[in-house]
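Okay, so here's the structure we're looking at.
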Amino acid sequence: MNKILSKPESLKDNPLSYCPGCGHGIIHRLIAEAVDELGIREKTIAVAPVGCAVFAYDYFNFDTTEAPHGRPPAVATGIKRTNPDKIVFTYQGDGDLAAIGTAETIHCANRGENITVIFVNNANYGMTGGQMAPTTLIGQVTETTPFGRDPLREGYPVKVSELLANLEGTKYIERVTVFDAPHVIQAKKAIKKAFQNQVEGNGYSFIEVISHCPVDWGKTPLEAVKWVEEVFLKTFPLGVIKDTTK
């Protein structure tokens with residue numbers, strides 16, 4: 126019997142420690158599959174920061190380094206510039222990338238560094254208990270917005286992909302999600318294209334993945350999936366936001 130599905134070589138056998146229903150495990154697999162299919166595992170280097178993303182080194186079967194909170198773009202820049210033959214990517218959450226790491230994110234993108242950024246947006250600070258993040262939706266209840274996010278008090282959700290699309294240094298930006306099979310397939314295509322861009326030297330690629338966080342949202346996994354589809358995506362619509370690599 127022919128095997129049609131197996132564990133990617135770029136994933137270790139370690140069991141995932143993420144909460145039930147979390148999207149991180151799916152995203153990890155998509156990255157690993159893309160790396161395997163492109164044949165770049167031996168020269169891939171991941172950069173992970175503080176937050177749920179920090180556990181990436183336990184699961185990826187290629188070189189992975191940690192960075193201080195918010196600083197993965199700076200670390201990735203240093204690695205890529207000193208090792209231009211390597212495939213370097215950052216794996217970051219919304220608190221890391223869009224809050225403490227805003228400056229690093231913007232300036233790395235503006236310089237057009239030839240790296241790949243995987244941005245996991247679940248609209249809250251997942252690791253520390255579900256506090257409001259820059260991407261938290263208007264009216265969304267979190268540990269620090271118990272009555273819902275009020276734009277007069279906490280401002281509006283930061284749409285990082287649209288923000289970065291205005292910078293001349295960015296080449297490819299797409300927003301995807303992983304709440305059902307068709308969207309997982311599209312997310313895989315986007316992630317693979319982002320890595321392919323780097324292989325071809327096309328410049329800075331940014332993939333925003335809308336991910337579910339049932340535990341911190343106070344929902345069951347099924348409720349979280351429904352909330353992504355019916356609520357989350359109205360604020361963060363899916364699709365290619367910029368592509369100058371065509």
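Going by our numbering, the first residue of the sequence shown is number 126, and it counts up by one from there. Just so you know, even glycine gets a beta-carbon here, dropped at the ideal spot from N, CA and C. In this text, all values refer to a predicted model and were calculated from it rather than measured experimentally.
**Study point:** Inter-residue CB distance, threonine 215 and valine 172 (contact presumed, cutoff 8 Å)
**Key:** Within the sequence shown, numbered from 1, the residue matching residue 215 stands at position 90. Within the sequence shown, numbered from 1, the residue matching residue 172 stands at position 47. The pair is a contact, with the Cβ atoms about 5 Å apart (cut-off 8 Å).
**Study point:** Distance between isoleucine 366 and valine 175 (C-alpha atoms, nearest Å)
**Key:** In the sequence shown, the residue the question calls residue 175 occupies position 50. In the sequence shown, the residue the question calls residue 366 occupies position 241. Computed Cα separation, rounded: 27 Å.
Check your understanding: Counting Cβ pairs, one atom from each stretch, are 3 or more of them under 8 Å apart for the segment 337-351 and the segment 146-158?
Key -> yes
Practice item. Please name the residue or residues paired with asparagine 246 in a DSSP beta bridge. Key: By 1-based counting over the sequence shown, the position of residue 246 is 121. The partner list for asparagine 246 (beta bridge, DSSP) reads Ile335.
Exercise for review: Determine, using beta carbons only, whether alanine 234 and phenylalanine 320 come nearer to each other than 8 Å.
Suggested key: Counting from 1 along the sequence shown, the entry for residue 234 is found at position 109. Counting from 1 along the sequence shown, the entry for residue 320 is found at position 195. Going by C-beta atoms, alanine 234 is not nearer than 8 Å to phenylalanine 320.
Check your understanding: In or out: leucine 130 buried (at least 16 other Cβ within 10 Å) or exposed?
Key -> Here residue 130 refers to the residue found at position 5 when the sequence shown is read from its first residue. Answer is exposed; the Cβ neighbour count stays below 16.
Practice item. Kindly indicate which three-state DSSP category glutamate 299 falls into: helix, strand or coil? Key: For the purposes of this step, residue 299 is taken as the residue at position 174 of the sequence shown. It is a strand residue.
Review point. So, aspartate 188 versus isoleucine 170, is the Cβ gap smaller than 8 Å?
Key: Residue 188 sits at position 63 when you count from the first residue of the sequence shown. Residue 170 sits at position 45 when you count from the first residue of the sequence shown. Contact flag set, yes.
Point to revise | Boundaries (first-last residue) of the beta strand (DSSP E) holding alanine 173 | key: Residue mapping note: residue 173 aligns to position 48 of the sequence shown, counting from 1. That run of the beta strand (DSSP E) goes 169-173.
Review point. If we cut at 8 Å on Cβ distances, does asparagine 322 have a partner in chain C?
Key: Protein chain content of the structure displayed is limited to a single chain, and chain C is not contained in it.
Exercise for review: Pull up the distance between the alpha-carbon of leucine 358 and that of lysine 211, whole angstroms please.
Suggested key: The residue you call residue 358 lines up with position 233 of the sequence shown. The residue you call residue 211 lines up with position 86 of the sequence shown. Their Cα atoms are separated by approximately 34 Å.
Check your understanding: CB tyrosine 329 to CB glycine 280, shorter than 8 Å?
Key -> For the purposes of this step, residue 329 is taken as residue 204 along the sequence shown, with counting starting at 1. For the purposes of this step, residue 280 is taken as residue 155 along the sequence shown, with counting starting at 1. Result no, Cβ atoms of tyrosine 329 and glycine 280 do not sit closer than 8 Å.
Check your understanding: Could you give the C-beta distance for isoleucine 243 and isoleucine 310, rounded to a whole number, given that I count them as a contact under 8 Å?
Key -> Position 118 of the sequence shown, counted from the start, is the residue given in the question as residue 243. Position 185 of the sequence shown, counted from the start, is the residue given in the question as residue 310. With 8 Å as the limit, isoleucine 243 and isoleucine 310 do not qualify as a contact, their Cβ atoms being about 17 Å apart.
**Study point:** Under the three-state DSSP convention, the category isoleucine 129 falls into
**Key:** Numbered from 1 along the sequence shown, position 4 holds the residue referred to as residue 129. In the structure shown, isoleucine 129 sits in coil (DSSP, three-state: anything other than H, G, I, E or B).
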